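Below is one structure; the comments refer to it alone.
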Amino acid sequence: MYNFLPVAYFENRFIPFENAKLSIATHALHYGTGAFGGLRGIPDPQNSQQILLFRLDRHGQRLAQSAKFLNFDLSAEQIQSAIVDFVQKNQPQVPFYIRPFIYTSDLGITPRLHDIEKSFFIYGIELGDYLSPDGVRCRFSSWYRQEDRSLPLRGKISGAYITSSLAKTEAVASGFDESIFLNTQGKISEASGMNIFVVRNGKIFTPGVEQDILEGITRDSIIQIARDMGYEVVERPVDKSELLIADEAFLSGTAAKVTPIKQIENYHLPLERPITDRLKDKITGITENRDVDYQDWVFKIPL
Ligand SMILES: Cc1ncc(COP(=O)(O)O)c(C=O)c1O
Numbered sequence: 001m002y003n004f005l006p007v008a009y010f011e012n013r014f015i016p017f018e019n020a021k022l023s024i025a026t027h028a029l030h031y032g033t034g035a036f037g038g039l040r041g042i043p044d045p046q047n048s049q050q051i052l053l054f055r056l057d058r059h060g061q062r063l064a065q066s067a068k069f070l071n072f073d074l075s076a077e078q079i080q081s082a083i084v085d086f087v088q089k090n091q092p093q094v095p096f097y098i099r100p101f102i103y104t105s106d107l108g109i110t111p112r113l114h115d116i117e118k119s120f121f122i123y124g125i126e127l128g129d130y131l132s133p134d135g136v137r138c139r140f141s142s143w144y145r146q147e148d149r150s151l152p153l154r155g156k157i158s159g160a161y162i163t164s165s166l167a168k169t170e171a172v173a174s175g176f177d178e179s180i181f182l183n184t185q186g187k188i189s190e191a192s193g194m195n196i197f198v199v200r201n202g203k204i205f206t207p208g209v210e211q212d213i214l215e216g217i218t219r220d221s222i223i224q225i226a227r228d229m230g231y232e233v234v235e236r237p238v239d240k241s242e243l244l245i246a247d248e249a250f251l252s253g254t255a256a257k258v259t260p261i262k263q264i265e266n267y268h269l270p271l272e273r274p275i276t277d278r279l280k281d282k283i284t285g286i287t288e289n290r291d292v293d294y295q296d297w298v299f300k301i302p303l
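Spelled out as structure tokens, the structure:
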């Protein structure tokens, strides 16, 4: 099962993970009024005295943005500095995943975001591959991606993940690994916890930010890397049929990294994936501090 990092940040203190406990009456547990981040950390393969965090600044910003939607004043700098302290307290020796979480911590009822206490905690788990690096078999979800007019999709709001959970379980129960959401316009949006890219005739397509996606930090990185390599990357609505006949398609996310799609419904995608492989090698090299480019994306935390 999961191996948690030994120290958690909880109620403004660093304490043993086992002691970080919540009441069953915690407001956020009932109403989904939390928001989270998720970032990977790895011990630097070149220097055992430091931990590498990929785009810590962007993760801090996104969680601060989510906090705004929860009516909670928490700055990106406060989040970043708590994450750095968290890493230093834990001294991790293996790749791990950091989960910062903000939530309505009051006890009691009435769904609301005003006149209610909020808190912030951080814990970590050891994490290797989240999806098979060889590729995944996907289906289309029978549940549609939520719309930004119903909830703020630019936040990683915990309650929103009911839809991801339904879709993931539906996929696994019907013999697939992952689920692709269409949005309510019938265009491709994203997967249960990843963004999606399609390659056709040497060009790369990905649903734009107006397609009810989460603004993924890996997505943003892949777009920049691909453009710097000279590929044309087009952010626009993507049709279902484009995915079914793609030359290559892949998912991107902090947990999933770059994961090729090998099958979608009953359509098999080619096993040769030159563009996916190039992008994956490049981003892996960057996150492992083996690349001279994009150094400002790699935060080096001294131990
Ligand atoms: C719904 C959803 N879409 C996309 C992503 C990918 O985002 P990122 O690359 O920032 O991890 C995630 C993961 O955070 C997610 O939960």
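Residue 172 in this note's numbering is what sits at position 172 of the sequence shown, and the numbering runs on without skipping anything. Cβ coordinates follow ideal geometry from the N, Cα and C atoms, glycine included. Keep in mind that this is a model prediction, so the values were computed, not measured.
Any non-hydrogen atom of ligand 1 closer than 7 Å to residue i Cβ
i	result
E99	Before going further, note that residue 99 is Arg rather than Glu in the sequence given. Checking every heavy atom of ligand 1 against the Cβ of R99, none is found closer than 7 Å.
T254	yes
E210	no
R219	yes
G193	yes
S164	yes
K89	no
E178	no
E190	yes
K203	no
L214	yes
K257	no
G38	yes
Nonlocal neighbours in the same chain, by C-beta distance under 7 Å from residue i, ignoring five residues either side
i	result
N71	L113, H114
L151	I157, A160
Y267	L244
S164	S192, G193
Cβ neighbour criterion (16 or more within 10 Å) applied to residue i
i	result
T110	exposed
D134	exposed
D281	exposed
N183	buried
K300	exposed
R145	buried
D177	buried
Q80	buried
R227	exposed
T169	exposed
L271	exposed
Which listed residue (the options) has its alpha carbon closest to that of residue i
i	options	result
V199	I261, L5, I180	I261
E11	L39, I102, G38	I102
S252	Y294, S189, P43	S189
V196	Q185, D212, V84	Checking the sequence shown, residue 196 turns out to be Ile, not Val. When only C-alpha atoms are compared, the closest one is D212.
T254	R236, G230, R227, T284	T284
Q65	F54, G155, E18	G155
P45	M1, P95, N19	P95
T259	E210, T218, S23, D291	T218
M229	K240, A249, L279, I286	L279
I275	E248, P100, W143	E248
L52	Q88, I24, A35, E18	Q88
Residues near residue i in its chain [Cβ-Cβ closer than 6 Å; skip 5 each side]
i	result
Y97	R40, I125, L127
T33	T104
I180	C138, F140, A191
Own chain, CB closer than 8 Å to residue i, minus 5 neighbours either side, in chain order
i	result
E117	T104, S105, D106
Paired residues, beta bridge with residue i - DSSP
i	result
E77	Per DSSP, none; premise fails for E77.
E248	V199
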